[in-house]
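Under numbering that gives the first Met the number 0, think of the first position of the sequence shown as 0, with each following residue one higher. Written below as structure tokens is the structure these notes are about.
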Amino acid sequence: MAPTETCKRETEITVPVEEVEKETLSVVDEIRTKARLPGFRPGKAPASLIRTKFRQEIRQDVLDKILPKAFRARAGEEHWNVVGTPNVTEVHFNEGEPLRFKAEFEVSPEFELGEYRGLEVPYADPQVSEEDIDTRIEELRNRKAEFVNEDPRPLQDGDFALVTLESLAGLEGEPIKNENLSLHIGDPETLHEFTENLRGVSPEESREFDVAYPADYGQDRLAGKTIHFRATVKGVRRREMPELNDEFARDLGDYKDLGELREVVRGSIRGEREHVAQQEAKNAAVDKLVELHHFPVPEAFLDRQIEMQVDRQLRDLAAQGVDPGQIKLDWGKLKEARRELATKDVRASLLLERIADAEAIHTSQDEVDRELNTLARREREPVAALRMKFEKDGTLARIAARIRTEKVLNYLFEHARKVIPVAPVPSEVEPAPSEEAAPSDE
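Laid out in structure tokens, this is it:
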């Protein structure tokens, strides 16, 4: 379905002189009631004096009222679904003459909705192995593990060292001083310099050594730097895991034994994988929809989509301690870089809206209320107060739209043709071993 036209439109509008004069008289009356002119009581100054004294203000007020009203009337007559605010040009406004102007604007794209049922998507029922359950239960044991102090002895792999760590050189600004740092000796997550220099050290002993932090280290202050530290061991601890038995299951929750816990864990893993698999299938369905439908996208929609993406990124940066005000954005370059993705997102949104209309998919008040109640509990705010706040800032409408979109995605998934994903075939197959290389029967 190739696009037949762009979303841009242009129209010329003429407003009869009678309507212009009527609006002008209304504006003059409004100004006269508020104007304070020497020698006249409020509201008693002659209209001719008001027209002369406030000529520019009257002209602007008349334009501010007539232009949008005239444009809305024309849009209604032509059944245009206008997007954004029109750009008004070539305004001809002279006393005693009709008002004429041009308006450049965009309309929501018109397109024929193709087939959206039976879209082929990758999906397979999630499988959960006994090993998967073992791994998850081991994670639960780790969470319930307790630290036990050991009698003073040299540190060895697997121990948790309680140390006082001080930076002596290599760091600008305030030095590091941590009185109670826990280091897991020999663990892959522990920088190897700590393990190598503290292995074999006993409580009350100190060591000085350098630590080279990788460039991608999580703390910017340390990333890429080599710091000279003094570490004093204060204690040796080991992690004691709870025994895996029925008592462990009962301690975790309302489980009668380990077997019941395993079944609950199986269901939990299956649910997680089901959610991921369905989400991937839904994303694939949307991608397929966009591939099958080609139509122009209004610049106003693109701008809004890109602004939302950038705003989300800035909020993420702010959450990481970065001041968004220090970031200089080149809107032109940003828009061009994100245009392709934003165009796809806008097309997808328009298609999902059209499908919702075609299938009479709506958001009920009960669905919005349930979401609102959940958010109120999470935010620890009264439901009524949160509703008032969300109605004012538009969040309530966005919640309703999101629920509707999710229902459309569920519809697409339910009516999709699900195909089990095929594992990628290696590009090179290793040759079978020759007789000489094969193991002997002897």
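Note that CB positions come from ideal geometry on N, CA and C, so glycine has one too. Computed from a prediction, not measured in an experiment: that's the story for all the values here.
Opposing strand residues paired with residue i [DSSP bridges]
i    : result
I12  : F100
H227 : A168 and D209
S181 : L161
F146 : R238
K176 : E165
K7   : E105
V367 : V367 is not bridged to any residue.
V232 : V162
V345 : Answer is none; V345 lacks a bridge partner.
V81  : V106
Cα-Cα separation, residue i to residue j
i    : j    : result
L98  : I65  : 9 Å
I12  : E103 : 11 Å
N179 : V162 : 6 Å
R220 : N282 : 39 Å
P438 : Q155 : With a pLDDT of only 34 at P438, under the threshold of 50, the placement of this residue in the model should not be trusted; the figure read from the coordinates follows. So the alpha carbons of these two residues sit roughly 41 Å apart.
R314 : Q325 : 13 Å
T225 : P420 : 47 Å
V428 : I132 : Note on V428: pLDDT 45, under 50, position unreliable in the model; the coordinate value appears next. If you take the alpha carbons of V428 and I132, they lie about 33 Å apart.
E20  : E96  : 9 Å
P85  : G172 : 54 Å
K406 : E306 : 26 Å
H293 : P67  : 32 Å
L182 : E239 : 16 Å
A396 : E390 : 7 Å
E111 : W79  : 17 Å
I57  : R50  : 7 Å
D286 : R337 : 17 Å
E22  : S47  : 15 Å
I360 : D186 : 53 Å
R401 : R71  : 29 Å
D245 : Y216 : 42 Å
Y122 : Q278 : 10 Å
D158 : A230 : 16 Å
S25  : I398 : 42 Å
L118 : A276 : 16 Å
V82  : E339 : 20 Å
R476 : M387 : Residue 476 falls outside the range modelled here, since the chain spans only 0 to 441, and no answer is possible.
S363 : F247 : 44 Å
G75  : A69  : 10 Å
F412 : L349 : 18 Å
L197 : E165 : 14 Å
E17  : D63  : 17 Å
Contact set for residue i: own chain, Cβ-Cβ below 6 Å, skip 5 residues either direction
i    : result
R272 : P125
F92  : L98
R269 : P125 and V127
P295 : P2, T5, C6 and P108
K343 : V289
K334 : I305
Simplified DSSP assignment, three categories, for residue i
i    : result
E405 : helix
R198 : coil
P2   : Residue placement at P2 is flagged as unreliable, the pLDDT there being 38, under the threshold of 50; a coordinate-derived value is accordingly withheld.
V127 : coil
F159 : strand
V296 : coil
E18  : helix
E111 : coil
T362 : coil
H91  : strand
V321 : coil
N86  : strand
E427 : In this prediction, E427 scores a pLDDT of 47, lower than 50, which makes its location untrustworthy; the coordinate-derived value is nonetheless stated afterwards. If DSSP states are grouped into helix, strand and coil, E427 belongs with coil.
D186 : coil
L221 : coil
Cβ neighbours of residue i in the same chain (closer than 8 Å, five flanking residues each side left out)
i    : result
L243 : I136, R140 and L257
L251 : L139, K143 and L260
T88  : F100, K101, A102 and E103
Contact set for residue i: own chain, Cβ-Cβ below 7 Å, skip 5 residues either direction
i    : result
R73  : T10 and I12
N372 : V382
L442 : Lying before the first or after the last residue shown, residue 442 is absent from the chain, which here runs from 0 to 441.
Span of the alpha helix (DSSP H) around residue i
i    : result
P67  : R54 to E77
G270 : L257 to L291
V382 : V382 to D392
E203 : Careful: E203 lies outside any alpha helix (DSSP H) and carries neither H nor E.
E246 : D245 to L251
Contact test: residue i Cβ vs the ligand NAP heavy atom, cutoff 8 Å
i    : result
E370 : Within the structure as shown, the ligand NAP is missing, as the structure has no ligands at all.
Extent of the continuous beta strand (DSSP E) run through residue i
i    : result
V421 : Where V421 is concerned, there is no enclosing beta strand (DSSP E), given that its DSSP letter is neither H nor E.
T153 : Checking the sequence shown, residue 153 turns out to be Pro, not Thr. Run containing P153: none; DSSP gives neither H nor E here.
V456 : There is simply no residue 456 to check, as the chain begins at 0 and stops at 441 in what is shown.
C-beta neighbour in chain D for residue i, strict 9 Å
i    : result
A341 : No chain D is part of this structure, which consists of one protein chain only.
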